[in-house]
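Read through the structure below, which is laid out as structure tokens, and then see the notes.
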Amino acid sequence: MPGTYCEIDLDKEKRDAFVYAIKNHYWYQMYIDDLPIWGIVGEADENGEDYYLWTYKKLEIGFNGNRIVDVNLTSEGKVKLVPNTKIQMSYSVKWKKSDVKFEDRFDKYLDPSFFQHRVGFDPGWVNFLCTYLCVSYMQDRDLGDEYGWKQVHGDVFRPSSHPLIFSSLIGSGCQIFAVSLIVIIVAMIEDLYTERGSMLSTAIFVYAATSPVNGYFGGSLYARQGGRRWIKQMFIGAFLIPAMVCGTAFFINFIAIYYHASRAIPFGTMVAVCCICFFVILPLNLVGTILGRNLSGQPNFPCRVNAVPRCCVRSFKAVLMFLLRYFIFTSFWAYKIYYVYGFMMLVLVILCIVTVCVTIVCTYFLLNAEDYRWQWTSFLSAASTAIYVYMYSFYYYFFKTKMYGLFQTSFYFGYMAVFSTALGIMCGWFRGVKFFLLKPDKPELDPWNPENWIQRTDSTDLHSCLTQ
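Numbering (the numbering used here), first residue to last: 42 to 509.
Written out as structure tokens, the structure is:
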């Protein structure tokens, strides 16, 4: 065994801390050349009366040429924890040649069997089936007695309530979708899981680079709704997501500093993030807002909006709850490495399709109830996906993890709130933005745009439109 590298004066306070960690099965994670290794703090005897600390760490590092391709950790040197004693800590490193190629060194960390999805009861399949049944029900009905949607043709293009907030959410949702799409594509090509922190760095870079998308969609929608405070809208759209993320991160960071946790964010990183927000995101968002107002800021509604809004009879709301969540949760909060980004791309496409279908059904029922306030309903019916995801995070926390304490609880639920909110905003954009805008010179109707259902007054035309 090698010589001593450090000593620990084990007083009662430190012993209690080690005993607490051993009782609760604490384990630690280290990285050597971006390769993760895990180890346990210690163990207890069979009776649970005496506790032992592993004091000797044996590292075996495999190399191929001048590259590290394999790392193993063995804990030895079990020492009983006795107050008012000194514990000597040591380690050794053994190098050995390996036939593993550098590009294949992460293969042993991947667990293909973990990602084999078992077909069973899943809310995603239930929602897909419900959407199919709703659409089939609408196609088979006799629409001759439906008149509600005809009464709101002069109000359906009226600006939404709180257009400044609505347009900012739409722009942010579009940007989040663009970031998700680009990051997934890059991860499929570059294998970002092989470099520690590369996924987060890529997401931050892509988010800053796609800021013009936020400004363009949010600014153009706000201009079409007659908004005049476009500078305020631009600021809200630019800082909505960064303020939410940074506010949560800074709050958790104070708790991490209090607990002396390694998760504490350095001050330099905070300054760098603030500089990115003010000197990169804000100017690019301004450029996108100006382009959006000038290129797509003029309303092109196919019918005239009534001067006086009609009274609404009743409202209808629906909730979409669909997402494959367990694999992502386990990869982020546990020790699994997520690498099946092709499957994640498929899930994103399915999520988009199901969200659009559900919001179309919600908007149709709302218009048929003679309620023209469809903008927020279509947005919230899709954004309510966040409610299901956050509710599932409670189940995952209490039944799938062993987290406890103020820091771990605030860290988990704080970042899950950020993730769920961002997901809800992204899903709300799927229907909030007019994908299929009716052009005045287009003779036929798009059956998937609820705005087109009010353009004709003959119920037979509506029925033929829905059954195409």
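Here a beta-carbon is modelled for each residue, glycine too, at the ideal position from N, C-alpha and C.
Where residue i falls: helix, strand or coil (DSSP)
i, result
"I49", "strand"
"P253", "helix"
"L447", "helix"
"H158", "A caution first: H158 carries a pLDDT of 46, below 50, which makes its placement in the model unreliable, though a value can still be read off. Correct three-state label for H158: coil."
"I306", "coil"
"T442", "coil"
"E84", "strand"
"V60", "helix"
"K55", "helix"
"R237", "coil"
"S201", "coil"
"V459", "helix"
"K142", "coil"
"L464", "helix"
"F319", "helix"
"G89", "coil"
"G260", "helix"
"Y431", "helix"
"G469", "helix"
Opening and closing residue of the alpha helix (DSSP H) in which residue i lies
i, result
"G212", "204-231"
"I331", "323-337"
"Q416", "415-424"
Residue range of the beta strand (DSSP E) that includes residue i
i, result
"P283", "P283 -> not in any beta strand (DSSP E); alpha helix (DSSP H) instead, spanning 271-299."
"N105", "92-105"
"Y405", "Where Y405 is concerned, there is no enclosing beta strand (DSSP E), although the alpha helix (DSSP H) it sits in stretches over 382-409."
"G80", "76-81"
"S116", "108-121"
"I128", "126-138"
"Q70", "68-73"
Cβ distance (whole Å) where residue i is taken to contact residue j below 8 Å
i, j, result
"I217", "A427", "Rounded, the Cβ-Cβ distance is 12 Å, inconsistent with contact."
"L94", "V134", "The Cβ separation is near 21 Å, so there is no contact."
"N255", "N326", "6 Å"
"S422", "T400", "5 Å"
"M275", "T310", "Between T310 and M275 the Cβ distance is about 26 Å, and since that is not below 8 Å, they are no contact."
"A108", "F59", "Here residue 108 turns out to be Arg, not Ala, going by the sequence shown. About 37 Å separates the two Cβ atoms, so there is no contact after all."
"G469", "L205", "Going by Cβ atoms, the distance from G469 to L205 rounds to 16 Å, so no, they are not a contact pair."
"G278", "S213", "6 Å"
"F452", "I293", "5 Å"
Answer yes if the segment 226-245 comes into contact with the segment 281-290, meaning at least three C-beta pairs across the two stretches below 8 Å, and no otherwise. no
Closer than 8 Å is the cut-off here; do at least three beta carbon pairs connect the segment 126-136 with the segment 76-93? no
Between the segment 206-224 and the segment 291-302, do three or more beta carbon pairs fall short of 8 Å? no
Check whether the segment 440-450 touches the segment 403-410, taking contact to mean three or more Cβ pairs, one atom from each stretch, closer than 8 Å. no
Are the segment 52-66 and the segment 132-152 in contact at 8 Å, needing three or more beta carbon pairs? no
Is the segment 428-445 in contact with the segment 271-286, if contact means three or more CB pairs nearer than 8 Å? no
Is the segment 434-442 touching the segment 412-423, taking contact as three or more C-beta pairs under 8 Å? no
Count the CB pairs spanning the segment 259-267 and the segment 243-251 that are closer than 8 Å, and state whether there are at least three. no
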